[in-house]
Every structure is written in C-alpha cells, then in structure tokens.
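See structure below.
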Amino acid sequence: MAILITTAMVTMQVLLSQQSISANVINTAGMQRMLSQKAALLLGNEYIKEQQHKFVNEQAFLETLEMIRANHAFLVEKNADGYVHLSPELVQFYFQQPVALEAQIKDYLLMLLDAHRLALANKLSIEKLEQVNARALQILVVLDEAVTLHEAFANAKVAKIQNAELLIWILGLMILAIEVRWIFYPMEISIRDKISHLQRMRQESNRLKHSKGEFLARASHEMRTPLQAILGYLHLYQETKKQAHLDIVSRSAQQLHVLLSSIDDYNALSEQKNIKLEIKVARLADTLDLPISTYEGVASNKQLQFEVDIGDELNQVVECDHNRVAWLVGELLGNAVKFTEHGKVNISAFGVFGAHEQASMVCEISDTGPGMTGIKNNEEETKNYQGMQLGLARARLLVSMMGGKMVFSECDPSGTKVKLELPVKLILQKSSAPHQQGTAQKVLLVEDNLLNARIVISMLEKLSLRVVHTINGQEAINALQNEEFSLVIMDLNMPIMDGFLAIKLIRQSLGLELPILVLTANTSEQSIARVYELGASTHLFKPVDFAALQEKVEALLIPTALSE
C-alpha cells in the first residue's frame, strides 16, 4: 500500500507537470498566431505614417520577430529521443509537405525582414504590403491547425496518465480487498478469539478465587473433625489408659495426613503443576482401614447397611502411594454414602499378584443410591454436602498417574458401581530381627523441633541405631568434624544454619560421602530439587511413618544394613 500510494502521488505529480508543460506548449503555439498578425500590423502602421527613412515601431517589430523565432525553436526542441513537444503528426506537419510549417515560418520571417528593409529605405509599396498581409492570413490558418494538433497531443498524454492512475486505483482496491480477506479478517478473528480467551480466563480466575475460598472453608471444617478426635481421645487416654483410644488417635492423625495431601494436590492443580507421588511401604489392609472405619460410622448414622469384604492377600506389604490410595477409596466411599439415603453400601477389595513383585489392588464399591444420572439431575442439591469436594477430576488424575483404571457403571435397579484397579509393587518381607554384627551404627539427626526429634529418635532406636541429635546445621557440622556417622537425617528449615547450607558444607567443605536423608515438611518442588543438586541422597516428607522411614534407612545403609 505504501508503494501504491507513493506511485499514485508520483503519477499525480507527473500528470500535473505534463499538464503544465502541455498548457505552455499550447499557449506558445497560440502566441505564434498573434505574433504573425502583429508583425504584419506593425508594417501596415509604418506605411500609413509615411515618415521617410524612419521606422517608428522598429523595436517592437524586431522583438516580435525574435519572439516568433524563440517560440518556434521551443516548439521544435529536440533531445536524444527526438522532438520533445511534437507528436509524429506534428513532426510531419512541421517538416513535411504539403504543409511544412517550419519552412513557411522561415519564409514569412524573411518576407518580414525584407519589408522592414524597404520601409527603412522608404520603398515599401502597397503591393509589398498586400503580399505580407496575404502571407500572414495564409500562415494564420496553418498555425490554427498546429494549435489543434498540439491540443490533441496534450490530451493524449493526459489520457495515458489518467489510465495509469486508474490502474493504480484498481490495484489499490485489489490489495485492500486482499488485505481485508487474508490480513484484517484473520486479525479480527484472532483479536476476537484473544478477547474471548481473556474473558474466559477472567471468569476462570473469578471461579478459582471463589472456589479457593470455599475450599479453604471446607478444608478447615474437615480438618477440625480428626483434630477434635485426636484431642478428645488423647484426653480420654490420659484418664483411662485404654489402647483403643490411642488407636482412634492414630487413625485420626492418618486421616488428617490424607487431608493435608489433598490440599497439596489442590495447590498443584490450581497452579497447573505436576503432582508427585509419595511412595511408601505398608499393608493395603491398613491403608483401607482408615477410609472404611471413617465412613462405616457415617453409614451407621444414616442407618445404611455397610458391608466390607477385604481379601487376606491385602495383608502383604506393598509399595505405592498409600496416602492417595486411602484418599481415592475414601472419596469413592464418601460419594456412595453421601448419595445413598436408603439401602446399603458395599466395598470389596482384593489383591492380584503376578511374577517379579508385580501386583495390583482391585477395589469395588457399590451403592443403592440414585445412580450417576440421578446425581447429575440434582446437582444443585449436592452443594450443601460436606467434604472437601475436590471432585472426581483429582481422582481421575491420580488414577492415571498411578497407571490404574477407574470404571463407573449403573447398578440394577438403581445405584452406582465403581471398580478401582491400581498397580502396586510387592515387597518381600524382611527379617524383623536387628542386625547383630558389630556395634550399632550411628545416625546424626538434625531437627530443631524437639517433639519431632523424639518421635524420629524412637523410630530409629527400634532399628537398633545409635542417634545423636543436633538442633541446627552448625551443630551438625561440628558433630561431623568430631565423630563418624553412617547416616545424616537432615531437616531443612532451622535457625542459625538451615539444612541447605549444611548439606552444601558437608559435601564441599568437609568432603564427606555419607548418605543424607532429608526429612522435611517443605513440599516445594524447587526446594526438593535444590537439595538433590546440593548432594542429598533421598527425602521423606513429614509426618513420616515407621515403615517408610525403615525402608529409606535400610536402603541407605545397605550393604551394612540392619537386616537382610
């Protein structure tokens, strides 16, 4: 478009210039007619005055002749390409017979000069004057034809430039049409799509903001339930010393742990981050006991039958993300109990074991509720149900990450059946007898929280390990300079010197290659990635159970391990 606009402007300038030149040429050709008659008229005036040996208007007469010569020279101007102001018709008109205008003009000028000489000699006769006037009338007719040809030539040039201007205008319209179709229209669609995308993002942001606030409120409500049980049954245990009360406290603490994992997953999903599985070693029967015991009481309150069938093979120790398995089963059980008002809820779970430690857990949950179709038709009524309400989106994501399957089907005559199948790794049972060869290995525990430290020390002592406890990274560095240890268990967030700097100094300044197990409540992906860069061997998240800690410790201390 810029090129076309520039071309159009240049064309307009050329057109105006051509029109100006053409107007000058036409004016000059027209002036020749007037000058030819003026010269004859001046001679006639001299003849009438009858002043002997004197030409009164001689200066005007000579200037007229000079102007005729100059104008003629301008009209027949030439350059390397030919005549500048003459068309082929004008060239023929000026230089070829029958007209030969140039020869006529030269003859006419000679006749005027001869008459001028006679006038100065007082010999200008009436006959001579009549010859001049006759020749003037004759050349006037020829000059009129020349002006007409000049005008036609100028009009032809203008027509060509006008055609070029029209062509440029048409090209401009075509380019505009092309731009509208392939540039502006796609651009408009793109802008409209981006605006729609931004509007959807704003709506999604508002929805997430509202959802996050609602989620935090529900999370607070759900966490208070196991926390209340922990506080209440601890108080009862202090009064009665009954082991059953401690068992309830343990299950409530595990339920609280599962809820905390749900919050971590919610944050990861909100920020579109990947969820990392927390692989632990435990019995699936114990893992399923938590959600089953929780919703068995809820079903009893609603006067529902609650049937449980757990296969003996689930007493085998397996490796998987037990917290999320418990959450998945709890989510499915919760939905079954929540939407069932009459009838029963069944849960059946068993293990399928293959070769090379490969196994899978199959869990089937069925109810006599309205079924999936009935739930969808009453979505508004489900908003007031309790629960974290993270929904099946997280459940499907977790099942996919674990490499499992989750299939929903309708029951006859009503209700829903869910089949959950998850792969697990079968762990060969290890001897529970502590390693007796030589003296107990020494472990350095770096933990600033004394309550956490006591719990971890008690777990390590069950593994026949000697534990040295320090409360920050600086004390740990001093201890490592003075004593030898087989393992370091390191917290990250501590006063004076944190775990990050301590790990860096152990590897770089002290040059020690002993294994380092990071035990932290910091679940940040960046922090975990950083400790591995600094030289940590592995990590566990708090709160940690005995089985998971035992597995990590034994793996790090092999071949001089506690067992096997």
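Just so you know, we're using the numbering used here here: the sequence shown kicks off at 9 and counts up by one. All residues carry an ideal CB built from backbone N, CA and C; glycine is no exception.
query: Beta-carbon spacing of M414, L285 below 8 Å; result: no
query: For A556 and V306, the rounded distance between their alpha carbons; result: 30 Å
query: Cβ contact check for the segment 187-195 and the segment 142-156: 3 or more pairs under 8 Å; result: no
query: Inter-stretch contact (C-beta, 8 Å, three-pair minimum) for the segment 471-487 and the segment 495-504; result: yes
query: Start-to-end residues for the alpha helix (DSSP H) that takes in D294; result: 292-309
query: For S532, three-class secondary structure by DSSP; result: coil
query: Cβ neighbours of H80 in the same chain (closer than 8 Å, five flanking residues each side left out); result: Q40, E110, I113
query: Terminal residues of the beta strand (DSSP E) in which Q366 lies; result: 366-375
query: CA nearest to the CA of P378, picked from N354, H350, P551, F358; result: H350
query: contact_flag[the segment 201-217, the segment 238-250] where n(CB pairs < 8 Å) is 3 or more; result: no
query: Three-state secondary structure (DSSP) of K165; result: helix
query: Neighbourhood of I287 by C-beta, 7 Å cutoff - its chain only, sequence neighbours within 5 removed; result: E327, C328, D329
query: Neighbourhood of G446 by C-beta distance below 7 Å, restricted to the same chain and skipping five residues each side; result: For G446, the predicted model reports a pLDDT of 45, less than 50, meaning its position is unreliable and no value from the coordinates is stated.
query: Check whether I485 and V475 have beta carbons under 8 Å apart; result: no
query: Anticipated Cβ contact below 8 Å, L428 with G412, distance rounded; result: 7 Å
query: Test item: CB-CB of L565 and L495 under 8 Å; result: yes
query: Bounding residues of the alpha helix (DSSP H) (the contiguous stretch that carries E562); result: 554-565
query: Residues that K136 bridges to, as DSSP identifies them; result: In the DSSP output, where bridge partners are listed per residue, K136 has none listed.
query: Residues bridged to Y590 (per DSSP); result: Any property of residue 590 remains undetermined from this structure, which presents the chain solely from 9 to 572.
query: Own chain partners of S356 with C-beta closer than 6 Å, once the 5 adjacent residues on each side are dropped; result: D317, E372
query: Secondary structure, alpha helix (DSSP H): runs of 4+ residues fully inside the segment 453-534; result: 458-470, 481-490, 507-512
query: Rounded Cβ spacing between L452 and A487 (contact assumed at less than 8 Å); result: 6 Å
query: Inter-residue spacing [alpha-carbon to alpha-carbon] between I536 and H547; result: 8 Å
query: Inter-residue Cα distance where the pair is Q21 and I169; result: 10 Å
query: Where K131 falls, given that 16 or more other Cβ within 10 Å makes a residue buried; result: exposed
query: Cβ pair L500, F508 closer than 8 Å; result: yes
query: Span of the alpha helix (DSSP H), counted from its first residue to its last, around T72; result: 66-83
query: Whole-angstrom distance between V166 and T72, CA atom to CA atom; result: 32 Å
query: Burial state of Q262, where buried means 16 or more other Cβ atoms lie within 10 Å; result: buried
query: G180 versus L12 - alpha carbon distance; result: 7 Å
query: First and last residue of the uninterrupted alpha helix (DSSP H) at L121; result: 109-128
query: Whole-angstrom C-beta distance between E321 and G359, which should lie under 8 Å; result: 4 Å
query: Minimum C-alpha distance to A47 - residue among S30, N65, Q313, R210; result: N65
query: Where T348 falls: helix, strand or coil (DSSP); result: coil
query: Opening and closing residue of the alpha helix (DSSP H) in which P96 lies; result: 96-103
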